[in-house]
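If you read the protein sequences in the order shown, they are chains C and W.
Counting from 1, one number per residue, gives the positions in the first sequence under this note's numbering.
Counting from 1, one number per residue, gives the positions in the second sequence under this note's numbering.
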Amino acid sequence: MGDFDIILQALGQVLSFTNIAVILGGLLLGIIVGCIPGLSVTLGIILLLPLTYGFSSPDTAIISLLAVYIGGMYGGSISAILLNSPGTNSAIATTFDGYPLAQQGKVKKVLDISLFASVFGGMFSAILLLLFSSLITKLVSSFASTEYFALAILGISLLAGVSGDSLPKGIISGLLGIFIACIGADAVTGVLRFTFDSRTLRYGIDMLPAMIAFIALTQVVLKLRDFIVHKGEIQDITKIDNEGLTATEAKSIVPACLRSSTIASIIGAMPGVGGGVAQFMCYNEARRASKRPQDFGKGSYEGVAAAESSNNAVVGSAMIPLLTLGIPGDGVTALLLGAFILHGIQPGPTMFTKQGVVAYSIILGTLIANVALIAVGLIFTRAVAKIVQVKYTYLAPIIILFCFAGAFAATGNTKELIITAGLLVVSYLFVILDFSVVPLMLGMILADIMEMNFVTSMMSYDNDIFIFFKRPITACILVLTVILLISLMKLNKRINALNDAQVAEMAQRDLEEAVEVEEAIEDGKFEAP
Amino acid sequence: MKIKTNLWTGIIMGLFSLLLLIMLPEQVKLPAYDSGAPSPRILPSFALIGMLISSVILIFQSLVLKKEKIYEFDMKYELPAIIVIAMLCVFTALIINVGYVAAAFIVFPIMLFYAGERKPFAYILTLVAAIAIFYMFRSVLNISLPAFPGFGG
């Protein structure tokens, strides 16, 4: 069966009533978790993951999680615009122009710009994903176990290198993840490893309770801590007016969307970089290319469009290395890789040959979810915006209840609950030690792939450890790992410096404006509020 | 209290990996017969040795290069997080012993009260959610969460 036939078959599958319903539901959940500051897309994915066990086909499960990812990227902009508080890290640049525009009373217009740009960026990268995935997999179809082992090393190294400020901490985190995955019975020899004669550890530590403890529950606990410390103060929301985006205005932001989508797609496809980096590069590029650069930071339509199209463009392009090579592009795709494995899908070159329909269903699902985002965004944004103001004491218990039920659902054994509680304590210790858990999760997810391919390579090549340097492609991947790691760390440092400068510039401008207002009040030009 | 995160991560993870390396021969026995497969000790050894080396580098960075990241640990600020985590540990123990719904009925009203919530609606919403999630997992996902002894589940 040719690619075109597979795509047609996948299209029929994606357009089923169930898939459309899960896309709409996933988008809505994503927008909600994305717009609440302190919650994140990862939390949305983890909350939905146990429920996807009930779906009949694995592609439906993955599509629903991707819809949460896409919705969450747009949702992050809602609180950035209404509260000046980005719902997700990828929406920081949206606050620079989104909030000033909202203060000028153009709330509906700026929300429409955000939606338009998000859909534009998302569709742009989804089309790239559709066009390039099959091509890349054909190039790497001759990969053997040694190459897969090298790819797993590449994936872990890159995320460990770019997560957080410290490389040694990133490496420790990734290796700790590998070690945790080793606990329990060894898949090849059946030998028990580090179980300490405990029945709870005998069957190892499952991925889902670990994800729930390290990411979801930790987020909820920290947000609840802040709520209690600040006595549950709720920020005032900016009211939404009725004047939306006009066709002329939409046309005027297309070049900024196109430029940002292109840059973000390239950055997103690089493993280990992600949306947080892309938004600032795109924002600066949009300002450089704009006819009105002086408006940036004060309320530029192009500024909002650049930031929003970039973070949604990253979603599709981060899927390219995940689907074709089995390497996640960022923390969210690392979780998605875990979800793939939990649903019995092995991303990588063989996915397009062995599970072609599933692969294309996922890609087309991404495309359709971006189209559906227009409708969901237009209908629900106003209602979802009100959720930003819901007291956290209403949300936190429900999220915690879901988390514990989800952890139990991993195997249906109460040992998962004990492991979840234990890992939550460890996770809090990591927060204090300023220790990123993203490489740890990736280490856990990739450990099995690494070990299985290492064992296969060793058995196929008479336990010759140097085989990884004798096979040219494997050696190239390992050398590339070192080169990419060094260059990405340098790039990350430069981007962080750029981000800090940008944020400092905005803060300075706000301060100057405040001083001007104060002076005007002192001079008697304005009355104090 | 100022916590030197690089130094303490190095010390804690260094000791942790060293201890586990010492315990490795005891905790990972070699297979009774040789199947030709590499030793099951390889991957954990690789992970633990890598952790130990990185820990030493962190300690060196902190003490010699003076490269450090400080975490301001304010007990007043952190106490709510510690109490919430302790409540969740109690919640876990209660789920196993008295079931999911009963554990939620015991722990969450205390947690909400501690968080300063006084509106009855928040309490009712949480308890209804516990029952709804229990039945949703049972009927939709066919997963029976632990129930009160003698009440199914």
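Using N, Cα and C, we set each Cβ at its ideal position, and we do this for glycine too.
Comparing alpha carbon positions, the residue from V332/C, A409/C and I418/C closest to T88/C is V332/C. When C-beta atoms of the segment 106-113 of chain W are compared with those of the segment 384-402 of chain C, three or more pairs fall below 8 Å, so the two segments count as touching. Here DSSP, grouped into helix, strand and coil, assigns Y461/C to coil. In terms of Cβ geometry, S45/W and G10/W do not form a close pair [threshold 8 Å]. Nothing from the segment 2-31 of chain C brings a Cβ to less than 8 Å from some Cβ of chain W. Between A47/W and C182/C the beta-carbon gap is near 7 Å, inside 8 Å, which marks them as a contact. Contact check for M459/C against A32/W fails: the beta carbons are separated by 8 Å or more. In this model, G348/C and S166/C are separated by some 30 Å (Cα to Cα). The beta carbon of Y461/C sits closer than 6 Å to those of I467, all from its chain and outside the five residues before and after it, given in chain order. One finds P38 in chain W with Cβ atoms closer than 7 Å to the Cβ of N463/C, taken in chain order. The three-state reading of DSSP puts E233/C in coil, since its state is none of H, G, I, E or B. Counting every other CB atom within 10 Å of its CB across the protein chains shown gives Y77/W a total below 16, marking it as exposed.
Contact annotation: A369/C and I70/C have beta-carbon atoms nearer than 8 Å. In terms of Cβ geometry, L65/W and G14/W do not form a close pair [threshold 8 Å].
Counting the other Cβ atoms within 10 Å of the Cβ of K291/C gives fewer than 16, which makes it exposed.
The beta carbon of L29/C sits closer than 6 Å to the beta carbons of G44 and V68 from its chain, once the five residues preceding and following it are set aside; these are given in chain order.
Annotation: E78/W is outside any beta strand (DSSP E); the continuous alpha helix (DSSP H) that includes it extends over M75 to V98.
In the DSSP assignment, I3/W falls within the beta strand (DSSP E) that extends over K2 to K4. Along the segment 46-62 of chain C, going in chain order, the ones with a CB nearer than 8 Å to a CB of chain W are P50, L51, Y53 and G54.
Put simply, the backbone Cα of A447/C is about 8 Å away from that of G177/C.
Beta-carbon to beta-carbon, L424/C and L88/W are separated by about 6 Å, close enough to satisfy the 8 Å threshold. One alpha carbon belongs to I49/W, the other to V455/C, and they sit about 19 Å apart.
Shown in chain order are the members of the segment 139-151 of chain W whose Cβ falls below 7 Å from a Cβ of chain C: V140, L141, I143, L145 and P146.
Exposure of R118/W is indicated by the presence of fewer than 16 other C-beta atoms within 10 angstroms of its C-beta.
Judged by beta-carbon spacing, Y74/C lies within the 8 Å limit of S118/C, meaning their Cβ atoms are closer than that value.
Residues of the same chain with a CB within less than 6 Å of the CB of Y428/C, apart from the 5 flanking positions on each side, do not exist. A direct Cα-to-Cα measurement between P120/W and D5/C gives close to 58 Å. Comparing C-alpha distances from Q355/C to each of G54/C, F132/C, G232/C and T324/C shows the shortest one belongs to T324/C. The C-beta of I110/W comes no closer than 8 Å to any C-beta of chain C. In the assembly as shown, S142/C is an exposed residue. Its beta-carbon has fewer than 16 other beta-carbons within 10 Å. Within its own chain, the residues whose Cβ lies closer than 6 Å to the Cβ of I419/C, once the five positions on either side in sequence are excluded, are I205 and P209, listed in chain order. For E243/C, there is no enclosing alpha helix (DSSP H), as DSSP marks it with neither H nor E.
Residue contact with chain W for D206/C: absent (no Cβ-Cβ distance below 8 Å to any residue of chain W). At a cut-off of 8 Å between C-beta atoms, E72/W does not count as an interface residue with respect to chain C. Nearest CB-CB separation between P168/C and chain W: below the 8 Å threshold. Listed in chain order, the non-local C-beta contacts of L367/C below 6 Å within the same chain comprise A126, local neighbours out to five positions each way being set aside.
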